[in-house]
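A.B. asks: Residue numbers (our numbering): 5 to 323.
#1: Since residue 303 and residue 192 are thought to touch, with beta carbons under 8 Å apart, how far apart are those beta carbons, to the nearest angstrom?
#2: If you drop the 5 nearest sequence neighbours on each side, which residues of the same chain put their C-beta closer than 6 Å to that of residue 318?
#3: Excluding sequence positions up to five away, which residues of its chain have a Cβ less than 7 Å from the Cβ of residue 117?
#4: Give the DSSP bridge partners of residue 190, in chain order.
#5: What span of residues does the alpha helix (DSSP H) with residue 147 cover, start to end?
#6: When the distance is taken between beta carbons, is residue 60 closer than 8 Å to residue 51?
#7: Quick one: is residue 229 buried, meaning 16 or more other Cβ sit within 10 Å of its Cβ, or exposed?
#8: If I follow the unbroken alpha helix (DSSP H) through residue 250, where does it start and stop?
#9: Where does residue 233 sit, in a helix, a strand or coil, going by DSSP?
#10: Assign residue 276 to one of three DSSP states: helix, strand, or coil.
#11: How about residue 217 and residue 195: do their beta carbons lie closer than 8 Å?
#12: Please classify residue 141 as buried or exposed, where buried requires at least 16 other C-beta atoms within 10 Å of its C-beta.
#13: For residue 265, tell me which candidate among 181, 205, 99, 220 has the shortest Cα-Cα distance.
#14: Out of 223, 162, 242, which one is the CA nearest neighbour of residue 210?
#15: Can you find the residues in the same chain that come closer than 7 Å, C-beta to C-beta, to residue 316, ignoring five residues on each side of it along the sequence?
#16: Note down the Cα distance separating residue 197 from residue 138, rounded to an integer number of angstroms.
#17: Among 81, 258, 76, which one has its Cα closest to the Cα of residue 70?
#18: At the level of alpha carbons, what is the spacing between residue 279 and residue 165?
#19: Considering only their Cβ atoms, is the gap separating residue 187 from residue 285 smaller than 8 Å?
#20: In whole angstroms, what is the alpha-carbon distance linking residue 88 and residue 128?
#21: Which class does residue 314 belong to by DSSP, given the choice of helix, strand or coil?
#22: Use the C-beta contact count for residue 305: other C-beta atoms within 10 angstroms, 16 or more gives buried, fewer gives exposed.
#23: Work out the CA separation of residue 66 and residue 44 for me, nearest whole Å.
#24: Below 6 Å CB to CB, which residues in the same chain sit around residue 25 once its five sequence neighbours on both sides are set aside?
#25: Can you pull the DSSP bridge partners for residue 70?
#26: Is it right to say residue 9 is buried, meaning 16 or more other beta carbons lie within 10 angstroms of its own, or is it exposed?
#27: Could you please give the first and the last residue of the uninterrupted beta strand (DSSP E) stretch that includes residue 304?
#28: Quick check on this structure: which residue in 22, 47, 53, 41 has the alpha carbon closest to the alpha carbon of residue 31?
#29: So residue 262 and residue 314 are supposed to be a Cβ contact under 8 Å. How far apart are they, rounded?
#30: Taking residue 222 as the reference, which of 56, 240, 57 has the closest Cα?
#31: State the Cα-Cα distance for the pair residue 134 and residue 41, rounded to the nearest angstrom.
#32: Per DSSP, what are the beta-bridge partners of residue 49 in this structure?
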């Protein structure tokens with residue numbers, strides 16, 4: 005998954021520093037480009053050999069790479085294609101002393117973002133560089149926004165969605181159910197006697213149990229069924245487009261799955277189990293607040309029935 009890919013990713017450069025590579029087999033040109041770009045505050049690496057450039061790209065992420073079209077070992081187009089496969093986020097500009105529309109089109113098709121004719125027009129060079137770096141800045145800001153938006157929705161301990169985002173998810177599901185005229189189920193889950201684990205073995209042991217339980221839930225749910233840490237040792241799962249009779253089958257699997265997982269309290273004395281309450285929309289409730297309340301009432305009844313069990317609102321007796 006994502007972690008596997010990260011093992012092979014090159015190290016990112018300093019976020020405050022723009023790093024440009026210039027690739028040309030003429031030493032005079034790379035030194036001229038280096039001096040010009042450094043004067044504008046950029047960090048510059050130069051290479052006169054495409055194979056050496058490829059090795060550098062494997063280890064460093066560059067903001068922009070400017071390469072000559074005609075190179076001894078790999079053509080500029082071949083180089084861009086290969087380098088783009090290693091560093092897909094990097095922008096590439098191709099230089100040539102023989103500019104043509106056909107050449108420009110070929111470069112763009114193979115991953116170049118722009119084209120630079122020799123002799124180099126310094127004003128145009130600076131425009132190309134600034135345009136590329138501005139694009140990179142926008143992409144970085146968008147990625148940061150997405151990251152902070154994501155972490156604001158997720159419980160830091162379990163990796164499940166958090167209580168705040170749960171209400172957004174539930175309201176969205178109600179809106180879809182009303183629009184498309186379908187039923188769905190809400191299940192509330194509580195870890196049985198969880199306070200004993202914290203009291204007897206400490207909160208670190210309790211945290212381990214919470215993470216293990218969350219992993220079990222993740223293994224059961226579909227991508228369309230959000231699992232949430234509702235608070236403390238209580239969880240919720242929204243079963244989208246799942247009527248109560250089918251929701252009951254799923255909830256039974258949750259109860260049995262936790263009990264059969266041999267998850268034990270520390271130091272391996274008490275077996276960990278869960279109690280589950282289920283309510284359906286719109287069968288049992290027609291608002292977010294009433295649906296949560298009905299599922300909670302069913303959960304409370306499951307606790308009274310002896311724990312490690314399921315209670316379905318309206319189907320099982322609620323005292």
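Ideal Cβ placement from N, Cα and C applies to all residues, glycine included.
C.D. replies: In brief:
#1: In this structure residue 303 is in contact with residue 192, their Cβ atoms being roughly 4 Å apart against a cut-off of 8 Å.
#2: 288
#3: Scanning its chain for C-beta atoms nearer than 7 Å, with the 5 sequence neighbours on each side dropped, one finds around residue 117 the residues 95, 96, 97, 136, in chain order.
#4: 242, 283.
#5: Run containing residue 147: 126-155, per the alpha helix (DSSP H) assignment.
#6: Contact: yes.
#7: Residue 229 is classed as buried because its beta carbon has at least 16 other beta carbons within 10 Å across all chains shown.
#8: Counting along the chain, the alpha helix (DSSP H) containing residue 250 begins and ends at 248-263.
#9: strand
#10: coil
#11: yes
#12: It counts as exposed.
#13: Residue 220 is the option with its Cα nearest to residue 265.
#14: Residue 162 is the option with its Cα nearest to residue 210.
#15: 248, 252, 282, 302
#16: Residue 197 and residue 138: Cα-Cα distance of roughly 55 Å.
#17: Cα-wise, what sits closest to residue 70 is 81.
#18: 20 Å
#19: Taking 8 Å as the cut-off, the beta carbon of residue 285 is found closer than this to the beta carbon of residue 187.
#20: 23 Å
#21: strand
#22: buried
#23: 16 Å
#24: 49, 66, 69
#25: 26, 97
#26: Bear in mind that a pLDDT of 34 at residue 9, under 50, signals an unreliable position, so the number given afterwards is only what the model happens to contain. So residue 9 ends up on the exposed side.
#27: Segment 292-308 is the alpha helix (DSSP H) holding residue 304; no beta strand (DSSP E) there.
#28: 53
#29: About 11 Å; that fails the 8 Å criterion.
#30: 240
#31: 11 Å
#32: Within the DSSP secondary-structure output, residue 49 pairs in a beta bridge with 25.
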